[in-house]
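A.B. asks: The structure follows.
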Amino acid sequence: MASITLDKVVKLYGKVTGVDQISLKVADGEFVSFLGPSGCGKTSTMRMIAGLEDISRGSIFIDDKRVNDLPPAGRNVAMAFENYGLYPQMSLFRNIAYPLYVRKVSPTEVGREVVRIARLLHIEDLLDKKPSDVSGGVRQRVSLARALVRKPTVFLLDEPLSHLDADLRSSMRGELKRLHDLNGATTIYVTHDQLEAMTMSDQIAVMNLGKLQQVGTPSEIFNRPANRFVASFIGEPAMNLLRGRVASTPEGVLITLQNTPFVTLNRETGQAVLETARQEDGVIEVGVRPPDFTVASPEKSGLQAKVRFREFLGETVLLTLDTGAERVRVVAPRDTQARETDLVSLVPRLDRLHFFSIESGMAVAHSD
Amino acid sequence: MQSKFNLPKITRWVLLAVWGLFAIFPVYWMIITAFKKQRDIFQGPFLFPFLDFTPATQSWERVFGQDRDDILKGLGNSLLFSSVSALIAVVLGAFAAYGLARYTYKYGPYRNNDLSFLIVSQRIMPPIVAVIALFTMFRTVGLIDSPFGMILAYTWFNLPLTVFILTDFMKRIPLDIEHAAAIDGYKKFAQIWKVVLPLAMPGLAAAYLLSFFFSWNDFILALMLTFQKSSTLPIVITNMSAQMEPRWWLISAVGILAIIPPMLAVIVLDRFMERQVLHGGTR
Amino acid sequence: MSSVKLEALTKKYGDNLAISNLNLECQQGEFIVLLGRPGAGKSTTLKLIANIEELSSGNIYFNDQLINNIPTENRNVAMAFESYALYPHWTVRKNLEFPLKAPGRNIPAAEQEARIRRVAELLEIAHLLDRKPSQLSGGQRQRVSLGRALVRPASVTLLDEPIAHLDARLRHSLRGELKQYQREQNATTFYTTPDYVEATAIADKIAVLIDGQVRQFATPEVVYDEPADIEVATIVGDPKMNILPLAPGATRLEINEAWLQLPPLPPEAGYIGIRPVNIQIFENAHPYAIRGTVYVTEPMGYEQVIRVEAGEQLLNIKTLLTTGTFSIGQTVWLQPDWTTIHVFDRSGQRLKGGFH
Amino acid sequence: MKHLLIAPPLLFFFAISVIPLLFTLGLSVTNTSIGGSGSFIGLNNYAQLFSDQFFLRGFLNTILYVVLGVTAQYWLGLGLALLVNSMVHGKRLIRLLILLPMMIPPLIVGFVWQTLLDSRYGPVAGLFTGLHLKPVPWLTDPTLGFVSIVIVDTWQWTPFMFLLLFTGLRTLPKEPFEAARVDGASSWRIFWDHTFPMLLPASIAAILLRSIESFKLFDIVFFITGGGPGGATNTLTLLGYFTSLRSGNLGYGAAMSIILLLTVVVLATLILIVVRRLMARADKAGQQALDQFLAEPLPVKVA
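Chains as they are written, first to last, in this note's numbering: chain A, 4 to 371; chain B, 48 to 330; chain C, 5 to 360; chain D, 3 to 305.
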């Protein structure tokens with residue numbers, strides 16, 4: 004097993020910058036997710052680590068050894084592809100065995116290893132089939148099995164669950180996490196699904212537009228998002244981002260939304276918010292996650308809003324509300340009385356507010 | 048590093064250049080021969096690049112003078128037969144291919160696959176097997192040496208090919224797109240005309256091109272089924288050279304003319320074949 | 005804008021029954037969601053209504069008129085395909101225009117333009133009108149396909165997983181807008197999805213499809229609170245409802261040498277179901293609790309899902325992250341809340357009666 | 003409606019394929035000659051064929067042309083397709099240049115190569131003299147004549163193979179090749195383990211098509227050697243033509259064509275069977291290995 008270091012890695016496609024100066028360290032045995040929307044450069048980064056794409060600038064080290072000029076075979080990485088990348092003319096058995104055949108492992112050993120992995124992934128009865136004869140779920144597991152059958156320095160998994168249906172995806176998520184827990188292999192996992200990243204990773208590297216946005220544990224990413232992008236990309240439904248006016252009062256720093264007082268911050272948090280707002284016309288962006296609002300009757304002080312939709316989600320309801328200028332989403336207990344067109348007052352949880360600079364989008368403070 | 052076949056770059060270029068020389072040289076030779084006099088042709092051999100002769104326009108004077116009418120007739124006939132028969136073959140082939148791709152046929156024991164095989168199997172039959180009978184049949188109904196007869200013969204010759212190529216293309220057009228047109232309120236004919244045919248464009252272009260090539264290059268059918276009036280370019284050229292000492296300079300000049308139409312066809316149709324029309328329609 | 009009645013629909017592919025004896029009736033303007041796993045027959049049902057697939061048997065009525073023999077192009081149904089099925093050789097605008105220009109519709113040019121504009125704004129594709137489908141991302145293509153179905157008035161609108169491939173933000177905002185729009189148009193809508201959250205959020209009524217049959221047809225609240233059988237119960241809810249088999253006549257549940265006293269149950273009870281939020285988890289030995297081993301944990305924001313091996317069972321538990329941190333292999337104790345259980349008979353049917 | 007769609011090709015099939023075929027079959031059991039009627043002579047024509055040195059030579063030649071020509075064209079076409087496919091720039095132009103020979107009518111091809119290979123005035127002879135080598139009688143020596151025909155056929159039709167194989171290569175998915183590189187396979191192994199097998203369907207189609215067309219080889223030979231010297235480069239189609247229409251021996255010529263047709267059908271079927279066998283055998287070997295491993299009980303810790 005090994006550690007991986009990216010040092011100011013850049014990928015250019017002609018004049019377009021696909022990956023922009025990414026620096027990152029993955030410790031031995033860590034499970035790290037590259038998370039971001041499609042086209043954010045996460046897959047390109049992984050492919051550069053695998054050696055499938057040239058590195059335009061910067062360096063990649065595996066265990067302190069610079070690997071820029073090594074072909075994929077020389078890096079001893081194992082990879083599972085988003086579209087499986089199975090060998091269509093070979094049986095599933097031969098597909099899984101292929102990396103071992105190439106390394107001239109003895110046939111007995113190959114058979115033993117393949118069957119072991121196949122049993123682990125519950126595909127041992129299908130090994131004589133061709134990839135075209137089995138379902139997408141099985142193909143996905145074969146692609147994983149082919150990566151897992153060797154003992155590489157690092158596992159690279161490119162959206163390995165994206166084509167599975169919901170049930171299988173959720174159970175495979177658990178299986179993968181257990182597998183990593185058992186073998187402790189350094190793993191890089193590419194995904195656009197924040198839930199996958201949140202549930203499985205030791206560390207998440209959030210990317211957007213080719214740039215690294217934040218690296219941290221799932222809890223850091225969720226509770227202290229570094230900027231507006233990370234804040235709205237993590238968590239479902241997405242965090243509400245509201246425009247507030249900032250004013251200094253004797254009690255502290257007062258934030259006003261829609262001309263009504265919203266919250267008064269303590270000195271420490273307030274100071275940072277105040278300083279940013281001073282340079283930006285006295286305005287700040289307030290982030291509130293949908294579960295962090297409480298729905299109260301309209302006479303209570305809070306953000307006044309009119310219910311636009313009420314959607315039943317089982318344990319909870321999702322309310323979409325109009326505040327006049329903005330649209331707000333709130334997740335509330337299902338016994339919440341508010342119906343469509345009702346007026347309500349939204350009261351935020353004071354210890355779970357996030358503040359972002361309007362101009363740069365960077366987080367200014369978190370009130371926790 | 049990106050290549051699937053990892054030869055060093057220089058080796059690749061050298062290999063390509065060797066083949067390129069082999070492939071292009073005869074064409075080059077034809078072009079320079081077209082500017083030689085009979086005497087120069089029999090002066091050789093010289094050293095590469097074989098340009099040590101005085102260029103002459105003897106051949107072109109013949110092409111645009113004495114032999115003009117014959118050549119024009121041959122060129123016109125070839126162009127007419129090839130382009131029209133290719134068009135008919137593509138249209139009929141497209142409809143048949145659509146049928147084979149979308150419907151289930153059952154004629155006694157014959158299903159879709161048997162029918163396609165029957166149609167395509169005609170291609171296996173060497174023309175020589177049919178040509179004697181064809182000659183007799185055509186003579187009986189008076190189609191020998193007639194444009195209609197030649198177009199008919201070439202259409203027959205090419206139809207299996209177009210059906211073969213287009214069936215595959217029709218199958219690749221997602222059924223849902225056709226269904227969408229029905230949902231949107233259009234009847235079958237409009238569905239085919241507005242949606243299916245535009246989406247089969249690369250196939251139609253490829254099928255047309257190949258049909259055109261095969262008719263254009265045909266020799267044996269024209270040899271058997273024409274005499275005078277409907278002679279195609281290859282027959283005209285043969286007649287010109289049916290002498291003890293072939294006039295290579297003249298034949299080369301006509302040869303250059305003969306390459307132009309298929310080249311133009313390729314250049315025009317190549318872009319249609321490259322077009323990824325189906326891209327983006329479905330998930 | 006019709007009421008729809010599906011009567012004993014059956015669709016066979018060879019020997020394979022895709023839809024068997026499916027019945028469903030809905031009023032004009034209702035928003036019906038067909039919820040089911042992949043392969044349950046959701047798409048097939050829509051295609052039967054559109055007559056893209058031929059009925060093997062059964063009857064379809066629009067406004068009480070039998071329409072079995074009316075061809076697709078005359079049924080006046082609009083449909084968004086799961087595969088999108090855009091016309092790749094045309095721009096987005098032409099794609100949206102095509103249904104409006106169909107023979108016999110005679111929609112004035114100004115109204116066509118207005119409709120296209122309205123739908124393009126609703127779906128946030130107004131800036132893409134002059135692009136071709138190949139220049140769009142997957143999510144944008146899906147919105148164009150949805151737009152083509154919404155742009156014209158239709159007797160029935162059929163939407164086959166129309167927002168499955170959009171990003172989370174759009175999925176949430178579109179859900180509500182879509183329903184609102186269809187309500188304004190007074191359009192009868194059939195909508196398929198495998199995602200129960202989408203179904204409960206948007207539906208007037210949910211039809212749960214399993215093996216080509218409607219297992220339950222009711223409002224979202226009823227489907228969630230009173231699932232008709234075990235299969236319905238496990239489709240609606242994430243993570244899945246835990247289903248525990250009972251020995252005949254059992255009065256207690258034995259797992260890992262511990263047992264739990266069951267509440268009084270009718271004699272025909274065969275299974276009990278407990279939702280993951282209704283099981284409490286403890287790090288230390290706890291009275292009235294069964295022992296288990298953590299199989300895997302999944303933190304997600306404020307909450308976490310913990311899967312616990314207990315005896316033969318793998319139980320799902322959903323709780324707040326603040327409940328504690330658990331690691332794979334750790335021993336934990338579980339205590340179900342008996343007041344919230346669902347009871348099913350041996351064949352998996354829900355038992356009526358007040359067990360909670 | 004659906005019957006109307008496939009009516010034309012079926013009509014053509016019966017009118018211009020089946021009827022002439024029966025007609026030719028009928029002719030082949032008579033001694034009909036041009037301008038005269040013949041009488042039924044049973045299988046005499048066929049019997050005679052097998053003692054006809056010209057026919058036997060032509061038969062052998064045809065098969066050799068197909069085998070040698072198609073083999074050469076396949077490997078060259080495959081090589082070119084791989085080379086061009088691995089290029090990043092200039093694909094389109096190179097492709098057009100490679101396709102050029104295919105666009106020239108065989109008749110012209112014949113003339114051009116005749117001049118090229120002429121032992122007195124041709125540039126090839128010129129090159130040989132320039133290198134102080136003895137000029138080679140390309141067209142007048144029986145063996146060399148045969149070789150020349152194969153070279154010209156390869157020159158003209160390698161582009162066709164290239165086109166089919168290049169298109170085939172372009173439709174192959176990208177991921178398996180990347181997977182193989184990550185799995186640690188060398189270029190050579192990737193070619194034999196993946197490219198070649200995945201291209202097999204396209205290869206089979208290309209080889210079959212070219213074989214079928216090669217059996218009809220006529221015009222190139224007609225114009226370059228006319229079948230000579232002494233029938234050394236004859237093909238069955240050429241013989242059939244000379245016998246039926248030049249010598250006017252329709253019945254005998256018809257019998258020749260029928261034999262040709264049978265040969266094509268038998269060979270095409272053989273190619274298909276052999277290929278299917280090969281593919282099935284590869285599967286079977288894998289299957290046996292698998293059975294052996296599955297039979298072995300293994301201590302596996304399943305979660």
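Ideal placement from N, C-alpha and C gives every residue a C-beta, glycine not left out.
Among the residues of its own chain, which have a CB less than 8 Å from the CB of residue 135 of chain C, if the five just before and after it don't count?
C.D. replies: Excluding residues within five positions, the ones whose Cβ falls inside 8 Å are 95 and 96.
A.B. asks: To the nearest angstrom, how far is it from the Cα of residue 404 of chain A to the Cα of residue 263 of chain A?
C.D. replies: Only positions 4 to 371 of chain A appear in the structure, and residue 404 of chain A is not among them; the question remains open.
A.B. asks: Taking the alpha helix (DSSP H) that residue 336 of chain C belongs to, which residues open and close that run?
C.D. replies: Run containing residue 336 of chain C: none in the alpha helix (DSSP H); it sits in the beta strand (DSSP E), 335-340.
A.B. asks: Quick one: what's got a C-beta closer than 7 Å to residue 293 of chain C's C-beta in the same chain, skipping five residues either side?
C.D. replies: Counting only Cβ-Cβ distances below 7 Å, and skipping sequence neighbours, we find 286, 337, 338 and 339.
A.B. asks: At which residues does the alpha helix (DSSP H) containing residue 51 of chain A begin and terminate?
C.D. replies: First-last of the alpha helix (DSSP H) with residue 51 of chain A: 45-53.
A.B. asks: Let's see if you can read the secondary structure: which residues bound the beta strand (DSSP E) around residue 318 of chain C?
C.D. replies: Looking at the DSSP string, the run of the beta strand (DSSP E) that includes residue 318 of chain C is 317-324.
A.B. asks: Can you name, in chain order, every residue of its own chain whose Cβ lies under 7 Å from the Cβ of residue 170 of chain B, other than the five neighbours on each side?
C.D. replies: Excluding residues within five positions, the ones whose Cβ falls inside 7 Å are 207 and 208.
A.B. asks: What distance in whole Å lies between the Cβ atoms of residue 227 of chain D and residue 141 of chain D, which are believed to be in contact at a cut-off of 8 Å?
C.D. replies: That pair is a contact at about 6 Å.
A.B. asks: So is residue 131 of chain C buried or exposed if we call it buried at 16+ other beta carbons inside 10 Å?
C.D. replies: Answer is exposed; the Cβ neighbour count stays below 16.
A.B. asks: Any Cβ of chain D within less than 9 Å of the Cβ of residue 261 of chain A?
C.D. replies: Not closer than 9 Å to any Cβ of chain D, the Cβ of residue 261 of chain A fails to qualify, so no.
A.B. asks: Please classify residue 150 of chain B as buried or exposed, where buried requires at least 16 other C-beta atoms within 10 Å of its C-beta.
C.D. replies: Exposed.
A.B. asks: Between the beta-carbon of residue 168 of chain A and the beta-carbon of residue 193 of chain A, is there less than 9 Å?
C.D. replies: Going by C-beta atoms, residue 168 of chain A is not nearer than 9 Å to residue 193 of chain A.
A.B. asks: Within the continuous beta strand (DSSP E) that includes residue 23 of chain A, where are the two ends?
C.D. replies: Counting along the chain, the beta strand (DSSP E) containing residue 23 of chain A begins and ends at 19-29.
A.B. asks: I need the straight-line Cα distance from residue 39 of chain D to residue 101 of chain B, nearest angstrom please.
C.D. replies: Taking the straight line joining both Cα atoms gives about 57 Å.
A.B. asks: Examine the Cβ distances between the stretch 253-272 of chain C and the stretch 214-226 of chain C and report whether three or more of them are shorter than 8 Å.
C.D. replies: No: fewer than three Cβ pairs fall under 8 Å.
A.B. asks: By DSSP's criteria, residue 299 of chain B is part of a beta bridge. Which residues make up the other side?
C.D. replies: Paired residues: none, contrary to the question.
A.B. asks: Taking only beta carbons into account, state which residues of the stretch 95-123 of chain C come closer than 8 Å to chain B, listed in chain order.
C.D. replies: Within the stretch 95-123 of chain C, the residues whose Cβ lies closer than 8 Å to some Cβ of chain B are 102, 103, 106, 107, 108 and 109, listed in chain order.
A.B. asks: Does any residue of chain B bring its CB to less than 9 Å from the CB of residue 4 of chain D?
C.D. replies: Taking Cβ atoms only, chain B reaches closer than 9 Å to residue 4 of chain D, which makes this a yes.
A.B. asks: Quick one: measure Cβ to Cβ for residue 70 of chain B and residue 84 of chain D, integer angstroms, because I've assumed they're closer than 8 Å.
C.D. replies: Not really, about 17 Å apart at Cβ, beyond 8 Å.
A.B. asks: Quick check on residue 177 of chain D - is its C-beta less than 9 Å from some C-beta in chain A?
C.D. replies: Cβ-Cβ to chain A under 9 Å: yes for residue 177 of chain D.
A.B. asks: DSSP on residue 164 of chain C, reduced to helix/strand/coil?
C.D. replies: It is a strand residue.
A.B. asks: With 16 as the cutoff for other CB atoms within 10 Å, does residue 119 of chain D come out buried or exposed?
C.D. replies: Looking at its Cβ environment, which holds 16 or more other Cβ atoms inside 10 Å, residue 119 of chain D is buried.
A.B. asks: In chain D, which residues lie with their C-beta within 8 Å of the C-beta of residue 86 of chain A?
C.D. replies: Ordered by position in chain D, the residues that pass the 8 Å Cβ test against residue 86 of chain A are 175 and 177.
A.B. asks: Which one of A/62, A/56 and A/16 has the shortest CA to CA distance from residue 28 of chain A?
C.D. replies: Among A/62, A/56 and A/16, the Cα nearest to that of residue 28 of chain A is on A/62.
A.B. asks: Nearest CA to the CA of residue 252 of chain C: which residue from C/234, C/274, C/244 and C/239?
C.D. replies: Taking only the C-alpha atoms, the option nearest residue 252 of chain C is C/274.
A.B. asks: Quick check: is the beta carbon of residue 149 of chain A nearer than 9 Å to any beta carbon in chain D?
C.D. replies: Judged by the 9 Å Cβ criterion, residue 149 of chain A is in contact with chain D.
A.B. asks: Mind pulling the alpha helix (DSSP H) runs of 4 or more residues that sit fully within the stretch 202-279 of chain A?
C.D. replies: List check, alpha helix (DSSP H) in window: 221-226 and 231-236.
A.B. asks: Could you tell me which whole beta strand (DSSP E) segments of length 3 or greater appear in the stretch 62-97 of chain C?
C.D. replies: Fully enclosed beta strand (DSSP E) runs of 3 or longer: 81-84.
A.B. asks: Which residues, in order along the stretch 263-280 of chain D, keep a beta-carbon less than 7 Å from a beta-carbon of chain B?
C.D. replies: Cβ contacts with chain B come from 263, 266, 267 and 270.
A.B. asks: Can you grab the Cα-Cα spacing for the pair residue 240 of chain C / residue 86 of chain D, in whole Å?
C.D. replies: Each residue's Cα considered, the two are about 54 Å apart.
A.B. asks: Please check if any C-beta of chain D sits within less than 9 Å of the C-beta of residue 184 of chain B.
C.D. replies: Yes, contact with chain D.
A.B. asks: What is the DSSP secondary structure of residue 41 of chain D, reduced to helix, strand or coil?
C.D. replies: Coil at residue 41 of chain D, not helix or strand.
A.B. asks: Alpha carbon to alpha carbon, how far is residue 257 of chain A from residue 268 of chain A?
C.D. replies: If I take the Cα positions, the gap works out to 6 Å.
A.B. asks: Taking 8 Å as the cut-off, is the CB of residue 48 of chain D close to at least one heavy atom of the ligand GTP?
C.D. replies: No copy of the ligand GTP occurs in the structure displayed, which carries no ligand at all.
A.B. asks: Going by DSSP in three states, residue 5 of chain C sits in which element: helix, strand or coil?
C.D. replies: Looking at residue 5 of chain C - three-state DSSP - the assignment turns out to be coil, as it is neither helix nor strand.
A.B. asks: Measure the C-alpha to C-alpha separation of residue 202 of chain C and residue 179 of chain C and round it to an integer number of angstroms.
C.D. replies: The straight-line gap from Cα to Cα measures roughly 8 Å.
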